[in-house]
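Novice: In order, the protein sequences belong to chains A and B. Under the numbering used here, the residues of the first sequence are numbered 3 to 115, in order. Under the numbering used here, the residues of the second sequence are numbered 3 to 115, in order. I'd like to ask you about the structure that follows.
Protein chains: 2
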Amino acid sequence: MNAESAIEALGALAHDHRLAAFRLLVQAGERGMAAGAIATVLGLPNSSLSFHLAQLRGAGLIVQQRQHRSLIYRANYPAMNALLGYLTENCCAGSDCTAEALCPPSDNERKSA
Amino acid sequence: MNAESAIEALGALAHDHRLAAFRLLVQAGERGMAAGAIATVLGLPNSSLSFHLAQLRGAGLIVQQRQHRSLIYRANYPAMNALLGYLTENCCAGSDCTAEALCPPSDNERKSA
DNA sequence: ATTTCATTTCTATTTTTCTGGAAATATGTT
DNA sequence: AACATATTTCCAGAAAAATAGAAATGAAAT
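Structure below.
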């Protein structure tokens, strides 16, 4: 994680619709949600939502996967953790900052984080 | 911490100059830095920097204090932690997310965090 | 192969944010 | 009081981001 990608991720989250979409996906968990479903829940036109999902995806915060006719989106926990890690890493400037425990992404990654 | 202030803080950090300024202040620690010094280090016109410092301050991420002729800025660790807490709080959606350890702001707050 | 459905890309418009010089404000100095 | 210094506010222009309708794409069903 460098400054550029941190800014991209922060900027992606720093928007009403995108933060809402991201949190929706975080709550949806492994199952994820189809673009249309997200648009319905958030009450957004498809084109608008698509724009925002692309932003989140460009920042690496969410992941896309086709399932039948729909495109399923999922939160990318490791990317989320990388961002938090970056922010805490540059925090406290050498003093005893013990920021470590972030969000364990999923069962199969818990031991390697 | 609610969505609105989280977005404000995220947006404040999601900018080249502001992230640089914030990290500079984080590294400066308790001592802080005068606006002019920050402007010099970052190579920005005073008016431009002032705009960005105001953004960070509006988001509550930094704090201002006059010292002689200069305005000293300091990072606001508790606010930083609140933001990280908000992001991790809404992470993992009820599963075993143990995100807790953030950045201990200062010696006198370490025991109450 | 054609149709259908879900989603994205295109495009123009609007809105917001960023920039930096000049003037104003606030503090400290002589 | 007059001056010097540090920083902010004002302003207008420039740049970037958001919006949403319409057209295009892509995958699957018939």
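A virtual CB, placed ideally from N, CA and C, is assigned to each residue, including glycine. None of the values given here were measured: they were computed from a predicted structure.
Which stretch, first to last residue, makes up the alpha helix (DSSP H) that contains B:Ala23?
Specialist: Asp18 to Ala30
Novice: For B:Leu44, report the span of its alpha helix (DSSP H) as first-last.
Specialist: Ala37 to Leu44
Novice: May I have the straight-line CA-CA distance separating A:Asn48 from A:Arg76, to the nearest angstrom?
Specialist: Distance between A:Asn48 and A:Arg76, taken at the CA atoms: about 17 Å.
Novice: Out of A:Ala61, A:Arg71, A:Ala37 and A:Ser72, which has the shortest C-alpha to C-alpha gap to A:Asn78?
Specialist: A:Ala61
Novice: Give me the Cα-Cα distance between A:Ala22 and B:Arg71, rounded to the nearest whole angstrom.
Specialist: 44 Å
Novice: Consider the Cβ of B:Ala8: report whether some Cβ of chain A lies at a distance smaller than 8 Å.
Specialist: yes
Novice: Cα-Cα, which of B:Ile74, B:Tyr88, B:Leu58 and B:Leu85 is closest to B:Arg20?
Specialist: B:Leu58
Novice: Verify whether the separation of the beta carbon atoms of B:Tyr88 and B:Ala8 is less than 8 Å.
Specialist: Yes; because the gap between Cβ atoms is below 8 Å, this pair is in contact.
Novice: Listing by chain order, which chain A residues have their CB less than 9 Å from the CB of B:Ala16?
Specialist: Taking a Cβ-Cβ cut-off of 9 Å, the neighbours of B:Ala16 in chain A comprise Ala8, Ile9, Glu10, Ala11, Leu12, Gly13, Ala14, Leu15 and Ala16, given in sequence order.
Novice: Per DSSP, what are the beta-bridge partners of B:Ile64 in this structure?
Specialist: In the DSSP assignment, B:Ile64 forms a beta bridge with B:Ala77.
Novice: Using the C-alpha atoms, what's the distance from B:Asn83 back to B:Ser52?
Specialist: 24 Å
Novice: Taking the alpha carbon of A:Arg68 as the point to measure from, which residue in A:Gly38, A:Pro80 and A:His54 has its own alpha carbon closest?
Specialist: A:Gly38
Novice: Measuring only between beta-carbons, confirm whether B:Ala5 sits less than 8 Å from chain A.
Specialist: yes
Novice: For the candidate residues A:Ile40, A:Leu63 and A:Val28, whose alpha-carbon lies nearest to that of A:Gly13?
Specialist: A:Leu63
Novice: Going by beta carbon distance, what residues of the same chain come within less than 7 Å of B:Ala30, once the five residues before and after it are set aside?
Specialist: Closer than 7 Å at the Cβ level, and outside the excluded window around B:Ala30, lies no residue.
Novice: Under 9 Å, CB to CB, which of the residues in the stretch 68-92 of chain A have a partner in chain B?
Specialist: Ala77, Tyr79, Met82, Asn83, Leu85, Leu86, Leu89, Thr90 and Asn92
Novice: Would you kindly report the start and end of the unbroken alpha helix (DSSP H) that includes B:Gly34?
Specialist: Premise fails: B:Gly34 is in no alpha helix (DSSP H) and is neither H nor E.
Novice: With 8 Å as the threshold, decide whether the Cβ of A:Leu21 is near any Cβ in chain B.
Specialist: yes
Novice: What's the gap between the Cα of B:Ala5 and the Cα of A:Asp18?
Specialist: 8 Å
Novice: Taking all protein chains shown into account, decide if B:Ala41 is buried (16 or more other Cβ within 10 angstroms of its Cβ) or exposed.
Specialist: buried
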